Amino acid sequence: MKISRRKNTKTSDLHTDKTEQQIESELDQNIKVLKELFKDCSDIVFRSFKAGENKAYIIFVDGLIDTKSIQFHVLEALEEIEQELHSAKSVKEKMLSAGTVTETEKLDELVKQVLSGNTGLMIDGLETALVIDAKGGSRRSVAEPETETAIRGSREGFTESLRVNTSLVRHKIRSNRLKIIAKTVGEETQTNIAILYIDGLCAPELLKEVEKRIDRIKIDGILESGYIEELIEDNSWSLFPQIQNTERPDTVAANLLEGRVAVIVDGTPFSLVLPATFWQFLQASEDYYHRFHISIFLRVLRVLFIFLALELPAIYVAVTTYHQEMIPTNLLFSVAASREAIPFPAFVEALIMEISFEALREAGIRLPKLVGQAVSILGALVIGQAAVEAGIVSAPMVIIVSMTGIASFTIPRFNMAISIRLLRFPIMILAGMFGLYGIVLGSLVILTHLCKLRSFGVPYFSPLGPLQFRELKDVFIRAPWWALDKRPTQTIQHDITRQKTHSKPRTPNEI
Numbered sequence: 001m002k003i004s005r006r007k008n009t010k011t012s013d014l015h016t017d018k019t020e021q022q023i024e025s026e027l028d029q030n031i032k033v034l035k036e037l038f039k040d041c042s043d044i045v046f047r048s049f050k051a052g053e054n055k056a057y058i059i060f061v062d063g064l065i066d067t068k069s070i071q072f073h074v075l076e077a078l079e080e081i082e083q084e085l086h087s088a089k090s091v092k093e094k095m096l097s098a099g100t101v102t103e104t105e106k107l108d109e110l111v112k113q114v115l116s117g118n119t120g121l122m123i124d125g126l127e128t129a130l131v132i133d134a135k136g137g138s139r140r141s142v143a144e145p146e147t148e149t150a151i152r153g154s155r156e157g158f159t160e161s162l163r164v165n166t167s168l169v170r171h172k173i174r175s176n177r178l179k180i181i182a183k184t185v186g187e188e189t190q191t192n193i194a195i196l197y198i199d200g201l202c203a204p205e206l207l208k209e210v211e212k213r214i215d216r217i218k219i220d221g222i223l224e225s226g227y228i229e230e231l232i233e234d235n236s237w238s239l240f241p242q243i244q245n246t247e248r249p250d251t252v253a254a255n256l257l258e259g260r261v262a263v264i265v266d267g268t269p270f271s272l273v274l275p276a277t278f279w280q281f282l283q284a285s286e287d288y289y290h291r292f293h294i295s296i297f298l299r300v301l302r303v304l305f306i307f308l309a310l311e312l313p314a315i316y317v318a319v320t321t322y323h324q325e326m327i328p329t330n331l332l333f334s335v336a337a338s339r340e341a342i343p344f345p346a347f348v349e350a351l352i353m354e355i356s357f358e359a360l361r362e363a364g365i366r367l368p369k370l371v372g373q374a375v376s377i378l379g380a381l382v383i384g385q386a387a388v389e390a391g392i393v394s395a396p397m398v399i400i401v402s403m404t405g406i407a408s409f410t411i412p413r414f415n416m417a418i419s420i421r422l423l424r425f426p427i428m429i430l431a432g433m434f435g436l437y438g439i440v441l442g443s444l445v446i447l448t449h450l451c452k453l454r455s456f457g458v459p460y461f462s463p464l465g466p467l468q469f470r471e472l473k474d475v476f477i478r479a480p481w482w483a484l485d486k487r488p489t490q491t492i493q494h495d496i497t498r499q500k501t502h503s504k505p506r507t508p509n510e511i
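When the letters of the sequence shown are read in order and numbered with the UniProt record's numbering, they come out as residues 1 to 511.
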């Protein structure tokens, strides 16, 4: 074992030394090094051909390039050359229609570019290699997002292609102020990411902090944006999400226009938006597409039901266990009659039902889509009815748990909904131990934590804490668009004016 480990280390060091060297003018020597580096990589293609009087090689990953583009713009174009090639510049002039063509003099950079889906071109006699951007292969087409469905609004959703995703955002914001910074994260995966912001709206301190945290990531691989989210958030021990994830380009565009930063990761349709506040997770993109009367109703409904999703089972446990005098007499008799044959206290009963409901919900997600919904709905009905008839749980508890489940579904963002679902259990424990006093104590702890939490320097509970009256018109309610003439000041210090002129509609008397 020790000998094998020593040999592997030497081989790894050898490969590292070779990739750090400069590209030599002798083509065969360069190809020998590359073939040794890509040994046992059956998807790496080395194709030799004649470029004028020079011998040449193209290197690419099979399945990641557009072979027709390489055939037409590279192979056919260079094979038609008759004279000897002496510089990379003269080669680039012959491939002006091949898209982006860059130069590199280092083998490690060439290897990274090839593994990223680009095509490497090496010509005998030249100490410079060319990198041709001709990415292709099979990719999922743009489709409607599955996790953020909307009645009204754009049906476009991000895909797993970084360049497609940035183009979707560029299509929404057609301004030269939209900047896209490219970075690579992951020692082994070399995952491409893009940092998007609008110059003049995004605070320079925020952008600098985002770049610093991303540059600080030293990990072997990034396979999803959740890796980056967990590595750059302010408080990793908090149950509450501090970075919003979305697969909707219009959501990203709207947040960029409010001075926030977006991080798009290659290989996943979920992009990150930061900083985020608590109230963002209770807002849906279609709130801004409906008329404001509908949006106000839906937002008030969500605020009410997030309270029910967190504390309704705990309130039932506390009232039925410690505070029966708070229940109306007729209702108290009904609840007592239904609980007469139940062998468990209310807390244990609630715990059994909540855990069962969460298990059914998880099973519905993991099962195939066609049967998942049927299993989760029928399973809840059948198990609930059977448990009541068997005398394991009472009928009121089934109603309470069902209402709690419905309430959690009203939260638009999954990561906030699951945080509320997790916090429901400690609140239930406090209610079972101390009654309503325990609920108040748990709620105060959660509220204090929310007020202390920050997301990239922005108070998580703003604009409610600290209080900013002017910005409350886009928190619990959504004011008419003509009243939303200012951008939020949590992320923007300059250029807070959203509407240059007051666009309030005129009344019939003013027309």
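Think of the CB as a built atom: it goes at the ideal place given N, C-alpha and C, for glycine as much as any other residue. Source: prediction; values computed, not measured.
- By the Cβ rule, the region 194-212 counts as touching the region 161-171, because three or more pairs are nearer than 8 Å.
- Annotation for asparagine 176: no beta strand (DSSP E) segment contains it, and DSSP assigns it neither H nor E.
- By the Cβ rule, the region 279-297 counts as touching the region 248-267, because three or more pairs are nearer than 8 Å.
- For methionine 122, the enclosing beta strand (DSSP E) has its first and last residue at 119-123.
- By the beta-carbon neighbour count (other beta carbons within 10 angstroms, threshold 16), isoleucine 132 is buried.
- For aspartate 199, same chain residues with a beta-carbon under 7 Å away, outside a window of 5 residues either side, are Arg177 and Lys179 in chain order.
- Excluding sequence positions up to five before and after isoleucine 342, its CB lies within less than 7 Å of the CB of Glu349, Gly391, Val393 and Ser394, all in the same chain and listed in chain order.
- Counted as a single uninterrupted DSSP element, the alpha helix (DSSP H) harbouring leucine 423 occupies residues 414-434.
- Look at the region 187-263 and you find these whole runs of alpha helix (DSSP H), each 4 residues long or longer: 204-215, 225-232 and 249-256.
- Your pair isoleucine 23 and alanine 129 checks out as a contact, with CB atoms roughly 5 Å apart and the cut at 8 Å.
- Each of Ser295, Leu298 and Arg339 was checked against the Cα of tyrosine 316, and the nearest Cα belongs to Arg339.
- Leucine 450 and phenylalanine 461 do touch by the CB rule: their CB atoms are close to 5 Å apart, below 8 Å.
- With a contact defined as Cβ atoms closer than 8 Å, proline 275 and threonine 448 miss out at about 20 Å.
- Between arginine 487 and glutamate 258, the C-beta gap is smaller than 8 Å, which places the two residues in contact.
- Fewer than three beta-carbon pairs drawn from the region 236-253 and the region 205-215 are found closer than 8 Å, and the two stretches are therefore not classed as touching.
- A Cβ-Cβ separation of about 5 Å places aspartate 62 in contact with aspartate 43 under the 8 Å criterion.
- Annotation: the region 322-364 contains the following complete segments of the alpha helix (DSSP H) (minimum length 4 residues), in chain order: 329-339.
- In this chain, serine 394 is not harboured by any beta strand (DSSP E), its DSSP state being neither H nor E.
- Spatial neighbours of alanine 51 in its own chain (CB-CB distance under 8 Å, excluding positions within 5 residues in sequence) are listed in chain order as Leu78, Glu79, Ile81, Leu85, Val91 and Ile123.
- In the structure shown, the three-state DSSP call for valine 440 is helix.
- In the three-state reduction of the DSSP assignment, valine 458 falls in the strand class, which pools E and B.
- Taking the C-beta atoms as reference points, phenylalanine 307 is found no nearer than 8 Å to arginine 413.
- The three-state secondary structure of lysine 32, taken from DSSP, is helix.
- Proximity of the region 143-152 to the region 222-239 falls short of the contact definition, fewer than three beta-carbon pairs being nearer than 8 Å.
- Rounded to the nearest whole angstrom, the CA to CA distance from tyrosine 322 to tryptophan 279 is 34 Å.
- Judged by DSSP secondary structure, alanine 77 falls outside any beta strand (DSSP E) and instead within the alpha helix (DSSP H) spanning 76-79.
- When rounded, the separation of the alpha-carbon atoms in leucine 304 and leucine 312 is 11 Å.
- Per DSSP, valine 142 lies in no alpha helix (DSSP H) segment and is marked neither H nor E.
- Comparing alpha carbon positions, the residue from Arg498, Ser402 and His494 closest to alanine 203 is His494.
- DSSP lists Tyr57 as the beta-bridge partner residues of serine 48.
- Per DSSP, isoleucine 132 lies in no alpha helix (DSSP H) segment; the continuous beta strand (DSSP E) that holds it begins and ends at 129-132.
- Looking at the backbone, the Cα of serine 402 and that of valine 382 are separated by about 13 Å.
- Each residue's CA atom was taken as its position, placing arginine 155 and valine 169 some 13 Å apart.
- Alanine 284 carries a coil assignment under DSSP once its states are collapsed to helix, strand and coil.
- Burial check for isoleucine 427: the Cβ neighbour count within 10 Å reaches 16 or more, so the residue is buried.
- Note that the C-beta distance between glycine 136 and aspartate 66 is below 8 Å.
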